Structure formats: C-alpha cells, structure tokens
Amino acid sequence: MRLGRLLAVLGALACLAAAEDPADQLPNRAQEAHARALFSEIRCVVCQNESIDDSDAEVAGNLRQAVRAQVADGRTDQQIKSYLVQRYGEFILMRPLFSPGNALLWLSPFLIVLAGAGVLILRARRTPTPEARLTDAEEAKLRELKDF
Amino acid sequence: MTAELGSFALILAFALSIAQVALSAGGRLRGSAALTGAGEGAAAGAFLGVAAAFAALIHAFVTSDFSVANVAANSHTAQPLFYKITGAWGSHEGSMLLWCLALTGYGSVVALTGRGLPWKLKASTVMVQGCLGVLFIGYTVFASNPLLRIATPPVEGASLNPLLQDPFFAIHPPFLYSGYVGMSVVFSLGVAALIEGRVDAAWARWMRPWSLVAWSLLTIGITLGSFWSYYVLGWGGWWAWDPVENASFMPWLAATALLHSATVTEKRGAMAAWTVFLAILAFTFSMLGAFLVRSGILTSVHAFAIDPKRGTLLLEILGIAAGSGFALFAWRAPSLPPGGLFAPISRESALLLNNLFLSAATVAVLFGTLYPLIAQAAFGAAVSVGPPYFNLVFGSLMGAVLLILPIGPLMAWKRGELVGVLQRLWWAALAAIVAGALVYAFHEPRKAFAGTGVALGLWLIGGTLTELAERARLGRTTLAEAGRRLRALPRGAWGMTFAHVGLGVFLLGAAIDGTGKVETAKVMAVGDQIDVGGGYHLSLDGVGAVDGPNYQAQRGTLSVTKNGHPICTATPERRFYPAGGQTTSKVALCLRGVSDVYVVFGEQRLGVSGSPGWLVRVFWNPWARMIFLGPLLMALGGGISLSDRRLRIGLPKRATGAAGAAVLGPAE
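Note that the protein sequences, when read in sequence, are chains A and S.
By our numbering, the letter at position 132 of the first sequence is numbered 132, and the numbering carries on one by one without gaps.
By our numbering, the letter at position 428 of the second sequence is numbered 576, and the numbering carries on one by one without gaps.
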C-alpha cells in the first residue's frame, strides 16, 4: 500500500502541465494572451492530433517556450509561423495554408454549394412553376365542386 | 465453457444471417410467404445468437475469466462490477460485437414488426439487412472474435483504461452504436426501394421513424461523448474536431439532411432520389467511422488500438456495402419517377437549400478529416487540418443553414411568399440583432464571434417560437382557443420545435463558452487563494489521500466563493491506477446556473516562493451546460416526433395490408 502511495506521487511528478502553467507565463498579460491564441494554431508535432495549447508532451512545452519568447520579442504571427514552418514543415500548422496545393481543401465545400445552386436554378428554369394551370381533369373537378 | 458457447452462438448467428439473405431473396423471387417468413425468423434467430454471444462476453468479464484474451486485456479483478461490465465494449473486439448486436437487433425488429410494409419491399429490406449482418458478423467471427481464449491465462488482467472508467463513457458507446447502426435500417430500406423501383411518399413514411430513432440516439451518443471529454480529460473543452469525433459527426449530419429531405418526399413526393441517396450515405458514413476509428490510418487522441489487417478488412466491408448501394443507386435512380413540382420560393425549396448547405458542410468535415491522407498520397506532403479550418469552413456553411432555418417552416408548401414570412419574423430578427449588438458591445474577447453566435441562436429560438405562435393563432384569438390549438398540434410539429430550439440553445452556449472561457492556474499550498475573475475565488482548504476501489487518489478540497459568499466546495482528485500505472484527474464541477466553475487538481510541485504546493487549474466556463442541454432537447424533439400518430406502427397497415396480401395471393 505504501509502495502504491509512493508510485502515485512519482506518477504525478512525471506528468507535466499544459499551457496554463504559471511558471512559464509571460509577465505582460496582453502578450501572454496573444501567445495563447497562437498556441491553438500550432500542432504538437509528436502528439496524436493535439495543439500545443492542450498537450502535456515535452516537445509541446518547448514549442510554447519558443513561441512565448518570440512573442515577447515583438515578432508578428506571420513571422513566428513561417519560422516554425521552416523548422518543422507545414505539418505544424493546425490551419492549412491557403495555397494552390490546398485549394481543393479550402474551396471544394463552396464549389459544391455553387454547383448545387447552379443545378437547382437550371432545373427551376426548365420545369414550369406549379401554379401555371390546372389540368383539364382538375378544371372539371373544380367546376363540379363549384356547382355543388 | 461459456465463452465457447458464446463463440458457437456467434457462428450460428453468422449462418442464420446467410440463411436470412437466401430465404428472403428466394421468397421475394418466388413470391412465397413461407420463405420470406422463414427469412424473418432467421433474422430474429441471428439476433438471439449475437445476444447469447454478448451475454457470454459479459459473463466472462463479470467473472474475470482471464483465459479469454479480451478480458485479460481489458479488465481487472479490483475494478468495480459496473466497469467490469462496461469493459465488454471498451475494446475494439467487444465494441464490434456490440455493433453486431445492434445490427441484428434492428434487423429482427424490422422483420417482426414491419407488418405494414408491402411484402416485396419488406422481403428485400430483410435481405439487405441480412447482407449487412453477414458482413459484420463474419468480420467479428473470423477477424475479431472477443471470446477467443489464450493458451496461458495471466493471473491478473491488464485493466480497462482508467479514462474509460466513468459512468458517462460507460453508456456513451451503447447510445452511439444504436445510432450508427440504426442507419443500417434506413440503408436497407433505401436499397430495397431501389431494388423494387418504388420510392414514394409511403416509402418515406416507413423510413422516417427509423431515421428518427437513429438520429435521436446518435445525438444522445455524441452529446454523452462530448460531455465525457469535457469533464474527464480535464482540458476544459468539449469538441476538438478530432478525426474520431468527426467520424461520429458525419453520419449525424447526413441523417439530419435525410430527416429534412424525407419530409419533402413524404409530404410532396418530391426529391425522392435524393432522399434515397442520403439514406445510403448515412450508413456509409457510419461504416466509414467504424473503419477510421479502428484502422489507425488517421492519428487521433482516442482511436482504438491499431491493426492494419483489420483496418483493411473493414475497408473492404465498407467498399462492398457502400459500393453496391451506390452502384444500385446510379443504375436505378434515373428511372425513378419525378416528384411533385414546386416554385423557387416554397417550403420545398427552403428544405432543398438546407440540404445543399448541410451536404457542403458534411463534405467540409469529410474532406478536412481525410485531407492529411489525400495530401500525403497525392503530393507526399504532411499537412495538418485542425480546428481553425473546421471552425471557419464548417462554421460559415452552417451559418447559411441557420439563417434560412426559421424561414422554412413558415413557408407554404409548393408555392410560398417570402415577404409575408419575413414580416411575421420581424420581431425575432430584431431581438436577435439587438442581442447580438449588445454582446458585441459588452463582450470581451472575440466579440464578433460571440455576437454572431448569440444573434443566430436567438434567431433560431425566436423564429421557431414564432412558427408555434402562428400555428396557435396566438394574439389573433382567445388564449383558451390558442391553448386548444397548441394541444391539437401534431407531435411532429412539437418535435420540430424542440429540435430547432435545442439547436438555438446549443449555439448560445457554444458562442458564450467558446469566447468567454477564462483559464487560470496556480501552484497552491493549503490556505492559498486563486482569483478566477467574475468575482469568483477559490481557496485550498486541504489535501487528503482517498482510496478508491482500484485507485489511490489525492483529493483537494477547495471552497469556492463569489464576492465573499460561499457557493460550493469543489473536491477534484488526482487518481493513480496501479493496475495500469496510469494517472488521471477527476475534475470537480461547480454548477452555477448553466455555467461551470471547473477545477482540475494537478501535480505537486514547488511554488513561486519555493514552498511546495499543488498545481490547480480553474476554468470559468460560462453557459457551458447549454452546449449539452441543447442537443438533449434536439434528441427529445426526435422522440416526441416519433410518437406522432401518423408514424405509429400499424397505422399504414390498415391502408396497405389488404393490398399487400392481394399481391401475394395470386403468386402463391
């Protein structure tokens, strides 16, 4: 039982905290908020699909430190991101670049809307609007009802 | 011995599924009621077989029979009985058996209750459902049998993942799978309708209850999963656009589109081919989800253990089932008779637009989920597609859906009048815009996002209630008369009201929680205070050791105060499970109205002053509970709609039973 307790404490110590670690935060609150916003756009490169904002991994911690340092130096989001892309590749960005290569990803949902709307408009033009005229049978039925 | 009996029952179920296909097909071709009846019996038998296998698996878990490989890998003698039972579906193999249980369960209900269906359609439906049974039970028997023994059983099991030892996660898979697999009936009915060449209003009416059941259960399943992720993972969020989450969301989106297009087919006989297409698509997405979660092809925070061989098999099943469904669609759909005509401004058109944008949003989720694979294969580039993409693309497309949503129900069928509808909605629009502007003026940060979300949410709620008031003629007649009219409304109308209001409630919660969340963390010694903002303070009163049934925990006791007044005591824990050597945290939630004070108890470490303390993370999650309340209202709406008189089993029976018997008669 005591061994279990000891293991519990060791297990607890082995686990690092995520982004909101008071020890690492920037003193300037605006800069810290800025850094936090950036964290959610950057992938923890070794994790299973987590941003460095959420991840407990050591790499994520190092990346957070790097981003914080650059934010403190006053570099822009664009500069920080291109620095990260240079080192780790586009893989590190949670938001894929809006580049010709990724055009399919960004545009296909909207192309579907356009194509669908086009088909609908064409069909609406080809088919007569329903209020146009009653068929002869319907006219006869209507007359019958009116006479009644 | 029980495990062997279970395996035997499972193999029997496999054989009965084959019989179900053969008998139903034979009965359908030869017009023999005896054969189709035998096919229905086989469907019920297959369900009993899978149920027996499932019972055997539960028995193995309850008795901690570690000679069964699956039990040894996912259970432990010290686990509480409840988590021993739920461990049965905590693994890949067990959850596939649960899938088969749901599949054959639905199949037998269709076989035994669908007396109102024309016999040809029913025989074909039972046959298609049998084909799905053959594929999935076959897969379970030959590639993923959870009842297999191991040669050298361990003395102790490896324990269920502690994160899954939670009441919400225990009931999440049964709901989710009932939802996923409920789409199989819709799929079978769709394929059967294509085989019979008949898709009309009556078919839509038979299909609708099944899509409602599946959609409601899936809604509950996803919500439970989301809530689990919210309060077990300790990250303060509720949705991460992770591939596994997307896998459950895509069938839901397809089913939502289906519910709406089926209304048009049912009421007006139009859009029949599109409705059948969605019926096939919904279950295709369910199968795609099953494949994505189990193949390890995408990286996700919560996938099952990876096994490429099984992944390939599941992909083949997906290809066979969906491929033949869509091939049949391509062949038969052009010959379906065109439905009723409607003007560009009409309720049909509004629902068509809803479907257009919903489909595009579904494609965005599908494409975003699969794009890393596509990019890797096509250009060899490693690309991540994360929440920023989904929020932007999916969000803007859904924005369009939400904008037209309140207009649709007020529009007349066939030929509507937009100006008149907008005149009736003016106050809802005004309320939404004013509230959105107020939020924009006073909310920080990301006020544009919050303002838009609140405005859209109120537009939905206000617009939906307007429609209800219109139906009751509220304000134009006496209150008593309005009350009488409300009571006389069909259940389907109430269901729609609940579902649409629920969506509005969800939006309000997501907008305010998503932007107003406050996160603070501090290394606290006993007696220290932490300021959360909004007047909330927490002080650490003590830390103690707690022994659970199969874990040891450190529990912090924190008193929460608002402006000096005590509100509640939070007792978050940090649990250590010696069986697997894992540490998890138990979040403490302090409910304030619909908002949460969310406390996570972290590791022990040195504080700023050098004295030891515990890392405590506190979130203020404003309106967070509305995120979960909204979808539950939507599911409730589905349930209410299901109880509508016109959907009750037996009602169409009187209308069609005689005709069906007449057709069957001469052929015999």
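Where is the CB? At the ideal position from N, CA and C, for every residue including glycine.
This structure is a prediction, so every number in the text was calculated from the model and none was measured.
Just to confirm my understanding: we take residue i, look at its own chain, exclude 5 residues before and 5 after, and list those with CB closer than 7 Å. What are they?
i: S:E414; result: A349, A352, R353, R356
i: S:I552; result: A498, L501, N502
i: S:L426; result: A402, A405, L406, S409
i: A:A8; result: Confidence at A:A8 is low in this model, with a pLDDT of 36, below 50, so the placement of that residue is unreliable and no value is reported for it.
i: S:F431; result: M331, S332, V334, F335
i: S:A576; result: P554, W607, G610, G611, T614
i: S:L164; result: A190, G193, A194, G197
i: S:P714; result: S707
i: A:C15; result: Low confidence applies to A:C15: its pLDDT is 37, below 50, so where it sits in the model is not reliable enough to give any reading.
So who's on the other strand from residue i, going by DSSP bridges?
i: S:H648; result: S:H648 is not bridged to any residue.
i: S:A701; result: S:V694, S:R723
i: S:W818; result: In the structure as shown, chain S starts at 149 and stops at 816, and residue 818 of chain S therefore has no counterpart that could be examined.
i: S:A669; result: S:R765
i: A:D149; result: Residue numbering for chain A in the displayed model covers 1 to 148; residue 149 of chain A lies beyond these limits and cannot be assessed.
i: S:Y684; result: S:G681, S:K710
i: S:C716; result: S:V708
i: A:S51; result: A:R43
i: S:K734; result: S:E721
i: S:T625; result: S:L622
i: S:S743; result: S:R740
i: S:P536; result: Partner(s): none; S:P536 has no beta bridge.
i: S:R753; result: S:G761
i: S:R353; result: According to DSSP, S:R353 bridges with nothing at all.
i: A:L93; result: A:I42
i: S:V748; result: S:R765
Mind reading off the beta-carbon distance from residue i to residue j? Whole number of angstroms is fine, and I expect it under 8 Å.
i: A:M94; j: S:P520; result: Contact doesn't hold; Cβ gap of about 11 Å is too wide.
i: S:G305; j: S:A220; result: 5 Å
i: S:A418; j: S:G487; result: 3 Å
i: S:E615; j: S:P557; result: 5 Å
i: S:M774; j: S:V653; result: 5 Å
i: S:M672; j: S:V748; result: Contact doesn't hold; Cβ gap of about 12 Å is too wide.
i: S:G657; j: S:W771; result: 5 Å
Leaving aside the five residues before and after residue i along the sequence, list all residues of the same chain whose C-beta is less than 8 Å from its C-beta, in chain order.
i: S:R512; result: Before going on, a small fix: residue 512 of chain S reads as Ala here, not Arg. Around S:A512: F538, V541, F542, L545.
i: S:T371; result: F776, P779, L780, A783
i: A:P169; result: Only positions 1 to 148 of chain A appear in this structure, which leaves residue 169 of chain A out of reach.
i: S:G696; result: R723
i: S:T396; result: Residue identity differs from the one stated: residue 396 of chain S is Ser in this sequence, not Thr. Within the same chain, S:S396 has close Cβ partners L324, Y328, L366, G369, I370, G373, G437.
i: S:K595; result: V587, Y588, A589, T663
i: S:A701; result: A693, V694, D695, E721, R722, R723, F724, K734
i: S:V666; result: V680, G681, G682, F767, W768
Can you list, in chain order, the residues of its chain with a C-beta nearer than 6 Å to that of residue i? Leave out the 5 residues immediately preceding and following it.
i: S:G238; result: N222, L308, L312
i: S:E816; result: Any answer about S:E816 is weak, because its pLDDT of 27 lies below 50 and its placement is not dependable; what the coordinates show is given next. Excluding sequence neighbours, S:E816 sits near nothing in its chain.
i: S:G823; result: Because chain S is modelled from 149 through 816, residue 823 of chain S falls outside the range shown and cannot be assessed.
i: S:G516; result: V533, Y537, F538
i: S:N689; result: It should be noted that the sequence gives Asp, not Asn, for residue 689 of chain S. Cβ neighbours of S:D689 beyond the five flanking positions: T705, S707.
How about residue i: is its C-beta nearer than 8 Å to some C-beta of chain D?
i: A:R95; result: The displayed structure is made up of protein chains A and S, and chain D is not among them.
State whether the stretch 27-47 of chain A contacts the stretch 512-524 of chain S, with contact taken as three or more CB pairs (one from each stretch) at a distance under 8 Å. For the pair of segments examined, the stretch 27-47 of chain A was found not to touch the stretch 512-524 of chain S: the number of CB pairs separated by less than 8 Å stays below three.
Give, in chain order, every residue of the stretch 27-44 of chain A whose Cβ lies closer than 8 Å to some Cβ of chain S. The stretch 27-44 of chain A vs chain S, Cβ under 8 Å: A33, S40, E41, R43.
Between the stretch 482-498 of chain S and the stretch 329-338 of chain S, can you find at least three pairs of beta-carbon atoms closer than 8 Å? No: fewer than three Cβ pairs fall under 8 Å.
If we count Cβ pairs, one from each stretch, closer than 8 Å, do we get three or more for the stretch 248-261 of chain S versus the stretch 194-209 of chain S? Touching, yes.
Should the stretch 299-310 of chain S be called in touch with the stretch 720-728 of chain S, which here means at least 3 C-beta pairs below 8 Å? Between the stretch 299-310 of chain S and the stretch 720-728 of chain S there are three or more C-beta pairs closer than 8 Å, enough to call the two in contact.
Evaluate the contact criterion for the stretch 594-614 of chain S versus the stretch 749-769 of chain S: three or more CB pairs, one atom per stretch, below 8 Å. The stretch 594-614 of chain S makes no contact with the stretch 749-769 of chain S: fewer than 3 CB pairs, one atom from each, lie closer than 8 Å.
Within 7 Å of chain S by C-beta, residues of the stretch 45-69 of chain A in sequence order: So the close ones are Q48, N49, E50, S51, D54.
What are the residues of the stretch 739-752 of chain S that lie near chain A, defined by any Cβ-Cβ distance shorter than 8 Å? Taking 8 Å as the Cβ-Cβ cut-off against chain A, the residues of the stretch 739-752 of chain S that qualify are G750, E751, Q752.
Are at least three pairs of beta-carbons, each pair with one atom in the stretch 620-636 of chain S and one in the stretch 727-738 of chain S, less than 8 Å apart? The answer is no - the stretch 727-738 of chain S does not touch the stretch 620-636 of chain S, with fewer than three Cβ pairs under 8 Å.
Three or more C-beta pairs below 8 Å linking the stretch 267-287 of chain S and the stretch 462-469 of chain S: Because the criterion of three Cβ pairs below 8 Å is met, the stretch 267-287 of chain S and the stretch 462-469 of chain S touch.
Inter-stretch contact (C-beta, 8 Å, three-pair minimum) for the stretch 357-376 of chain S and the stretch 315-323 of chain S: Verdict: yes, contact present.
Assess contact between the stretch 392-409 of chain S and the stretch 287-298 of chain S, defined as three or more Cβ pairs (one per stretch) separated by less than 8 Å. Is contact present? Under the 8 Å Cβ criterion, the stretch 392-409 of chain S does not count as touching the stretch 287-298 of chain S, having fewer than three qualifying pairs.
Going along the stretch 502-515 of chain S in order, which residues come within less than 8 Å of chain A, judged by CB to CB distance? Under the 8 Å Cβ criterion, the stretch 502-515 of chain S contributes L504, F505, S507, A508, A509, V511, A512, F515.
Near-chain S residues of the stretch 105-126 of chain A - C-beta to any C-beta below 9 Å: Identification of residues in the stretch 105-126 of chain A having a C-beta nearer than 9 Å to some C-beta of chain S yields L105, W106, S108, P109, F110, L111, I112, V113, G116, A117, L120, I121, A124, given in sequence order.
Along the stretch 350-377 of chain S, what residues have a CB closer than 7 Å to any CB found in chain A? Result list empty, no residue passes.
Say whether the stretch 710-721 of chain S touches the stretch 679-689 of chain S, bearing in mind that this needs 3 or more beta-carbon pairs closer than 8 Å, one atom from each stretch. A contact is defined here as three or more CB-CB pairs under 8 Å, and the stretch 710-721 of chain S meets this definition with respect to the stretch 679-689 of chain S.
Chain-ordered residues of the stretch 518-530 of chain S with a beta carbon less than 7 Å from chain A: Result list: Y519, F527, A529, A530.
Along the stretch 72-89 of chain A, what residues have a CB closer than 7 Å to any CB found in chain S? In summary, the residues of the stretch 72-89 of chain A whose CB is separated from some CB of chain S by less than 7 Å are G89, in the order they occur in the chain.
Beta carbons nearer than 7 Å to chain A: which residues of the stretch 532-545 of chain S have them? Here the close residues are S532, V533, G534, P535, P536, Y537, V541, L545.
Counting beta carbon pairs with one atom in the stretch 47-61 of chain A and one in the stretch 70-81 of chain A, are three or more of them shorter than 8 Å? Result no; under three Cβ-Cβ pairs closer than 8 Å.
With 8 Å as the C-beta to C-beta threshold (strictly closer), list the residues of the stretch 303-330 of chain S near chain A in chain order. Within the stretch 303-330 of chain S, no residue has a Cβ that lies closer than 8 Å to any Cβ of chain A.
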